[in-house]
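Asks:
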């Protein structure tokens, strides 16, 4: 009995030792796994900490570093109204020295941004201290505090969302206008071709906030202008810009992916030229406007020094980014039929038309209506032609993804999307932007 008990005790002791060894092995493996996870997933970036404030003097904005971490050039950006302006900044020291060849921005120093108003939307965005590549918003329009990460997520928008979000008014290859005014504060015009004086009847102005032109622009003669005086935005020219004879107004900032010829125009914003600048007699620039160019400059002898002082050579300027949204095709015919679209007929308030093409009937009592408000016309494969409209008011959505829209009448309001262009053939016509949401409130009923 004594021998049996001793054997049992030995067995129990061995089992306990084995259990301890197994537990130690499990613990070691667990520690190893945790270590691998931590080493392969380093902690998130730490945000730089700094304070800043803005002053404005002599047409330039001074962005002062009031304390905190110094910021290294190339590791942060100064964004003004959505444009990276860091490359234009010079560094102003407390001793009064100013240099464009700077590497670090620290306490007591100021970044000088020429031609920038302190009322602009100004942001300082810096890279985090770490390995994840985060960006942090350190300052925005006079506010400073705990920095928050700025996350940019690319989104592929549908064409209809692009039209709504960007307040697109006209989208097409040509804008040919014989009328009086094109008005759309806050609206966007996208011309997928060039623009010449004859397109604007010599004196018509495109008075909208955002203008994209995918080609050369030549305005020579007449007074046709670009941009909104009440809500100036940006003008993008993917080519050369020629503003020749004629006292025309250019409102907003202008970006040129080519050469710029300037003669008589009145410039109300900054111009960024990725090419040569040629000046002729009698242009006018508002006091705080500047022309930044990357190429060479030419001008007559004895030229106005005040204008030349506003022309600044730079190694780089912001680029031109033309929307590359393709015009969406129409929906299936059944979709329109289910929503009460008809294949033709006279224009009356609230009518919805879906057809291969549409040519509006002229004056023909008793079907003639003095108004044609809140209409939608969809041309699947051809053109939309609205002629002989007389003095009736026409409002709505006009969509020709494979054709053009032609209008002849007194007044048109709404949205025009036409691959081959928008043509207004009557003199004295007024065209006014309205967002598509004003005509179609339910997103399920958007017609493209």
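In my numbering, the protein residues as written are 102 to 549. By construction, the Cβ of each residue, glycine as well, lies at the ideal position given by its N, Cα and C atoms.
(1) For residue 387, does the three-state DSSP call read helix, strand or coil?
(2) Compare the C-alpha of residue 382 against each of 364, 369, 417 and name the closest.
(3) Using a Cβ-Cβ cutoff of less than 6 Å, which residues in the same chain neighbour residue 249 once the five nearest sequence positions on both sides are dropped?
(4) Quick check on the DSSP output: what are the complete beta strand (DSSP E) runs of length 3 or more inside the region 318-398, in order along the chain?
(5) What distance in whole Å lies between the Cβ atoms of residue 288 and residue 309, which are believed to be in contact at a cut-off of 8 Å?
(6) Checking the sheet assignment: what are the DSSP bridge partners for residue 490?
(7) Can you tell me the Cα-Cα spacing of residue 422 and residue 356, whole angstroms?
(8) How far does the beta strand (DSSP E) with residue 178 in it extend, from its first residue to its last?
(9) Would a C-beta distance cut-off of 8 Å place residue 352 and residue 328 closer than the cut-off?
(10) DSSP on residue 537, reduced to helix/strand/coil?
(11) Among all the DSSP beta bridges, which residues are the ones paired with residue 530?
(12) Residues in the same chain with beta-carbon distance under 6 Å from residue 521, minus the five sequence neighbours each way, listed in chain order, please.
(13) Check for me: the alpha helix (DSSP H) holding residue 438 runs from which residue to which?
(14) Checking 8 Å against the spacing of the C-beta atoms, do residue 260 and residue 524 come in under that value?
(15) Check each candidate in 404, 213, 412, 403 and name the one with the smallest Cα separation from residue 377.
(16) Going by other Cβ atoms of all chains shown within 10 Å of its Cβ, with 16 needed for buried, is residue 439 buried or exposed?
(17) For residue 324, collect the residues of the same chain with a Cβ closer than 7 Å to its Cβ; drop the 5 residues on either side in sequence, then sort them by chain order.
(18) Taking DSSP as the reference, what is the three-state secondary structure of residue 479?
(19) Within 10 angstroms of the Cβ of residue 371, are there 16 or more other Cβ atoms? Answer buried if so, exposed if not.
(20) By the 10 Å Cβ neighbour count, where 16 or more other Cβ atoms means buried, how is residue 194 classified, buried or exposed?
(21) So residue 408 is in the alpha helix (DSSP H); what residue range does that whole segment cover?
(22) Look up residue 156 in the DSSP assignment and say whether it is helix, strand or coil.
(23) Of the residues 398, 290, 416, which one's Cα is nearest the Cα of residue 408?
(24) Which one of 431, 491, 426 has the shortest CA to CA distance from residue 501?
(25) Can you have a look at residue 443 and say buried or exposed, based on whether 16 or more other CB atoms are within 10 angstroms of its CB?
(26) Roughly how many angstroms separate the alpha carbons of residue 152 and residue 165, rounded to a whole number?
(27) By Cβ distance, which residues of its chain are closer than 7 Å to residue 391, with the 5 residues on each side in sequence left out?
(28) Please work out which residues of its chain come closer than 6 Å, Cβ to Cβ, to residue 340, disregarding the five sequence neighbours upstream and downstream, and give them in chain order.
(29) Is the beta carbon of residue 223 less than 8 Å from the beta carbon of residue 177?
(30) Measure from the alpha carbon of residue 191 to the alpha carbon of each residue in 171, 210, 489, 301, then state which is nearest.
(31) Using a Cβ-Cβ cutoff of less than 6 Å, which residues in the same chain neighbour residue 494 once the five nearest sequence positions on both sides are dropped?
(32) Using only the alpha-carbon positions, how far apart do residue 547 and residue 538 sit?
(33) Using a Cβ-Cβ cutoff of less than 7 Å, which residues in the same chain neighbour residue 445 once the five nearest sequence positions on both sides are dropped?
Replies: So, from the listed chains and residues:
(1) Three-state result, residue 387: coil.
(2) With distances taken between Cα atoms, residue 382 lies closest to 364.
(3) Low per-residue confidence applies at residue 249: pLDDT is 44, beneath 50, and the placement is therefore not dependable enough to give any value.
(4) Taking only runs of at least 3 residues, the beta strand (DSSP E) segments lying wholly in the region 318-398 are 318-320, 335-338, 342-344, 354-357, 361-363, 372-374, 378-380, 392-394.
(5) The beta-carbon distance between residue 309 and residue 288, rounded to whole angstroms, is 5 Å. This is short enough to meet the 8 Å contact definition.
(6) Answer by DSSP bridge pairing: none, since residue 490 is not bridged.
(7) Each residue's alpha carbon lies about 9 Å from the other.
(8) Unbroken beta strand (DSSP E) run through residue 178: 177-181.
(9) In this structure, residue 352 sits near residue 328, with a CB-CB distance shorter than 8 Å.
(10) DSSP places residue 537 in helix when its eight states are reduced to three.
(11) DSSP, once it has assigned bridges, lists no residue as partnering residue 530.
(12) For residue 521, the CB contacts under 6 Å within the same chain, skipping 5 residues up- and downstream, are 274, 504, 505 in chain order.
(13) Under the DSSP assignment, residue 438 falls in the alpha helix (DSSP H) whose first and last residues are 434-439.
(14) Judged by their CB atoms, residue 260 and residue 524 are not nearer to each other than the 8 Å cut-off.
(15) It is 412.
(16) Burial check for residue 439: the Cβ neighbour count within 10 Å stays below 16, so the residue is exposed.
(17) For residue 324, where only same-chain residues beyond five positions count, the Cβ hits under 7 Å are 304, 347, 348, 349.
(18) DSSP places residue 479 in strand when its eight states are reduced to three.
(19) It is buried - the Cβ of residue 371 has at least 16 other Cβ atoms within 10 Å.
(20) So residue 194 ends up on the exposed side.
(21) That run of the alpha helix (DSSP H) goes 406-410.
(22) The three-state reading of DSSP puts residue 156 in strand, counting E and B together.
(23) Measuring C-alpha to C-alpha distances from residue 408 to each of 398, 290, 416 identifies 398 as the nearest.
(24) Of the candidates 431, 491, 426, the one whose C-alpha sits nearest the C-alpha of residue 501 is 431.
(25) Per the 10 Å Cβ criterion, exposed.
(26) Residue 152 and residue 165 have their C-alpha atoms spaced approximately 8 Å apart.
(27) Taken in chain order, the residues that qualify are 215, 216, 371, 411, 413.
(28) Cβ contact annotation for residue 340 (same chain, cutoff 6 Å, sequence separation greater than five): 316, 317, 359, in chain order.
(29) For residue 223 and residue 177, no; Cβs fall outside 8 Å.
(30) Of 171, 210, 489, 301, the residue nearest in Cα terms is 210.
(31) Closer than 6 Å at the Cβ level, and outside the excluded window around residue 494, lie 472, 512.
(32) If you take the alpha carbons of residue 547 and residue 538, they lie about 9 Å apart.
(33) Counting only Cβ-Cβ distances below 7 Å, and skipping sequence neighbours, we find 454, 456, 459.
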